[in-house]
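Undergrad:
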Amino acid sequence: MLSSVANNWNIILCSRDAHRGEQALKQLGSPPNVHLAVLDVTDQQSIDHCLRVRLKQELKIERIDVLINNAGFATKGPEINRDIAQQTLAVNYFGAKNLIESCLEQGLITTDTDSDSDSGKEPCRIIIVSSQVSVLSHGDEKRIQCFKPLLLSDD
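Take any residue in the sequence shown, count from 1 to its spot, add 118: that is its number in the working numbering.
1) Would you tell me roughly how many angstroms separate the C-alpha atoms of ASN151 and LEU131, rounded to the nearest one?
2) Return the Cβ separation of LEU157 and LEU226 in integer angstroms, given the expectation that the two are a contact with Cβ distance under 8 Å.
3) Tell me ALA155's beta-bridge partners as DSSP assigns them.
4) Check for me: the beta strand (DSSP E) holding ILE246 runs from which residue to which?
5) May I ask you to report which of helix, strand or coil DSSP gives ASN187?
6) Can you tell me whether GLU136 is buried or exposed? The criterion is at least 16 other CB atoms within 10 Å of its CB, across all chains shown.
7) Out of ASN188, ILE202, ILE244, GLY147, which one is the CA nearest neighbour of VAL159?
8) In chain order, what residues of the same chain have a beta carbon less than 7 Å from the beta carbon of VAL82, not counting five sequence neighbours either side?
9) Measure the beta-carbon distance from VAL247 to ILE186 and round it to whole angstroms, keeping in mind my assumption that it falls under 8 Å.
10) Let me know if LEU217 comes out buried or exposed under the rule of 16 or more other beta-carbons within 10 Å of its beta-carbon.
11) Please classify ASN199 as buried or exposed, where buried requires at least 16 other C-beta atoms within 10 Å of its C-beta.
12) Report yes if the CB atom of CYS242 is closer than 8 Å to the CB atom of VAL171, and no otherwise.
Okay, here's the thing in structure tokens:
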């Protein structure tokens, strides 16, 4: 497990649902360096609360070295419509984007361009986990037509 490899790391396990997060923590064996935080990446207030209150105030986290985003939404079955396409983009694209931007604003992560070479600190490594479900193929015209106006709109 990640926790056994990274005993010196503080690992934050985020979940939209506190109960499911607690279950996941128990499945990991409740290691002392893994902490639970409630986070819904589609809700900016949830992102702000998680970063400001849980990470910075309660856990005293000043810096995130590795950010792994495994939040994702996929349809169950072949049907897709505009609502499903919007929900998919809200979680899979905008959720990740808003989380990363908020971490930058809070000073929790740095990038190659703003890292301090004199401090010896490496920039944050960001890993976005996805699946084959996220791939739109050329033969999937219905899915492409549902996503196309959302990707090109100004909302």
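Virtual Cβ for every residue (Gly too), placed ideally from N, Cα, C.
TA: So, from the data block:
1) 10 Å
2) Incorrect: roughly 13 Å between the Cβ atoms, too far for contact.
3) CYS132
4) 243-246
5) strand
6) Inspection of the sequence shows that residue 136 is occupied by Ala rather than by Glu. Per the 10 Å Cβ criterion, exposed.
7) ASN188
8) Nothing about residue 82 can be read from this structure; the chain reaches only from 119 to 273.
9) 7 Å
10) buried
11) exposed
12) no
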